[in-house]
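Below is one structure, written out as structure tokens; comments come after it.
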Amino acid sequence: MVAEQRTALITGGMGGLGEVIARTLHDAGHRVLVTYSPGNDHAPTWLSEQAADGYKFSAYAVDVADDVSCQAMVEKIHADGHRIDILVNNAGTTRDGTFRKMSKVNWDAVLRTNLDSVFNVTRPLLDGMLERGWGRIINISSINGNKGQFGQTNYSAAKAGMHGFTKALAQEVARKGVTVNTVSPGYLSTKMVTAVPEDVLGQIVAGIPVGRLGKPEEIAGLIAFIASAAGAFMTGSNVSMNGGQHMY
Ligand code: CAA
Numbered sequence: 001m002v003a004e005q006r007t008a009l010i011t012g013g014m015g016g017l018g019e020v021i022a023r024t025l026h027d028a029g030h031r032v033l034v035t036y037s038p039g040n041d042h043a044p045t046w047l048s049e050q051a052a053d054g055y056k057f058s059a060y061a062v063d064v065a066d067d068v069s070c071q072a073m074v075e076k077i078h079a080d081g082h083r084i085d086i087l088v089n090n091a092g093t094t095r096d097g098t099f100r101k102m103s104k105v106n107w108d109a110v111l112r113t114n115l116d117s118v119f120n121v122t123r124p125l126l127d128g129m130l131e132r133g134w135g136r137i138i139n140i141s142s143i144n145g146n147k148g149q150f151g152q153t154n155y156s157a158a159k160a161g162m163h164g165f166t167k168a169l170a171q172e173v174a175r176k177g178v179t180v181n182t183v184s185p186g187y188l189s190t191k192m193v194t195a196v197p198e199d200v201l202g203q204i205v206a207g208i209p210v211g212r213l214g215k216p217e218e219i220a221g222l223i224a225f226i227a228s229a230a231g232a233f234m235t236g237s238n239v240s241m242n243g244g245q246h247m248y
């Protein structure tokens, strides 16, 4: 048990990275709530599998791209008696393709899910953190928001936008005990990454000095630190963890 138990909300908490973040924050002694998209019919199975491993999570269906859906979710979370201290904006998606072939649909899908979601989920939760004088907002960006990536104009734009948001909001709330940070993982061994064509992924891994994909656990450990009391002086940061693939 941590010195003070907090309540964490992880968007996309049933996904490749989100699940490991949820388990890591649970291991750190926090109460953990996860969101999943309304179309995900595996949620009950996922919850019972986690419970069998000793992880008790509460789950909320929400379309993070839709502000009305997010407001309704936060009302439900509050009605259930939860107060969110730690928010991990982790939900994200890809629609890769060169810009010349990119449709407006694929642009919008990525900008709405990856960037608008940060507004939609943070906005209704921020006042509570400010009133209680303690909060941690952690935005999961990407190496590709920092360096750009061939075939990802939409994703790189959204992920870079997340850090602009981090830097601005961090200044607005710093005096009120709330920190706002960005974490920029490199290529991890998750479904999102292994969906990249094998030959392309092989070339990417060849460019990672550590010589392998990252483990979600490595990113989650960093998030647990940022969420802890010891992380209080870190705000407005963009912390990279990418096996040396992009150094700046
Ligand atoms: N740099 C320069 N040129 C490149 C290139 C690169 N990195 N990659 C491909 N090209 C070239 C090819 O050699 C080819 O050239 P020619 O036409 O002269 O033969 C051309 O670009 C291919 O262009 P196409 O429009 O035909 O592209 P495609 O349909 O073959 O595929 C793609 C393009 C879908 C973007 C594919 O390259 C791809 O999937 N790339 C990986 C993108 C990626 O890294 N996604 C990350 C997903 S995981 C994630 O996002 C998590 C995270 O945060 C890290």
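Everything in the sequence shown is counted per full-length UniProt numbering, starting at 1 for the first residue and increasing by one. C-beta atoms are modelled at their ideal positions from N, C-alpha and C, and glycine is treated no differently.
Residue i CB to nearest heavy atom of the ligand CAA below 7 angstroms
i, result
"Met192", "yes"
"Asp96", "yes"
"Phe99", "no"
"Gln149", "yes"
"Ile204", "yes"
"Gln152", "yes"
"Tyr155", "yes"
"Val64", "no"
"Tyr60", "no"
Expected contact under 8 angstroms - CB spacing of residue i and residue j to nearest Å
i, j, result
"Asn154", "Val110", "4 angstroms"
"Gly244", "Pro216", "Not a contact, Cβ separation roughly 18 angstroms."
"Gly145", "Tyr187", "That pair is no contact at about 13 angstroms."
"Asn90", "Gly13", "7 angstroms"
"Ala160", "Arg112", "Between Arg112 and Ala160 the Cβ distance is about 16 angstroms, and since that is not below 8 angstroms, they are no contact."
Coarse secondary structure for residue i, derived from DSSP in three states
i, result
"Thr7", "strand"
"Ala59", "strand"
"Thr182", "strand"
"Thr35", "strand"
"Val88", "strand"
"Leu213", "coil"
Endpoints, the alpha helix (DSSP H) within which residue i is located
i, result
"Phe225", "Pro216 to Ala227"
"Thr166", "Thr153 to Val173"
"Thr194", "Lys191 to Thr194"
"Ser103", "Element bounds for Ser103: n/a, residue is neither H nor E."
"Met73", "Asp67 to Ala79"
"Leu17", "Gly16 to Asp27"
"Asn146", "Ile143 to Lys147"
"Val64", "Val64 -> no alpha helix (DSSP H), and no H or E assigned at all."
"Pro44", "Ala43 to Ala52"
The beta strand (DSSP E) enclosing residue i, as first and last residue numbers
i, result
"Ala206", "Element bounds for Ala206: not the beta strand (DSSP E) but the alpha helix (DSSP H), Glu198 to Ala206."
"Ile138", "Gly135 to Ile140"
"Asn238", "Asn238 to Met241"
Any non-hydrogen atom of the ligand MN within 7 angstroms of residue i CB
i, result
"Ser142", "You won't find the ligand MN in this model; what it holds is the ligand CAA."
Within-8 angstroms CB hit, residue i to chain C
i, result
"Thr24", "In the structure shown, chain C cannot be found, because there is only a single protein chain."
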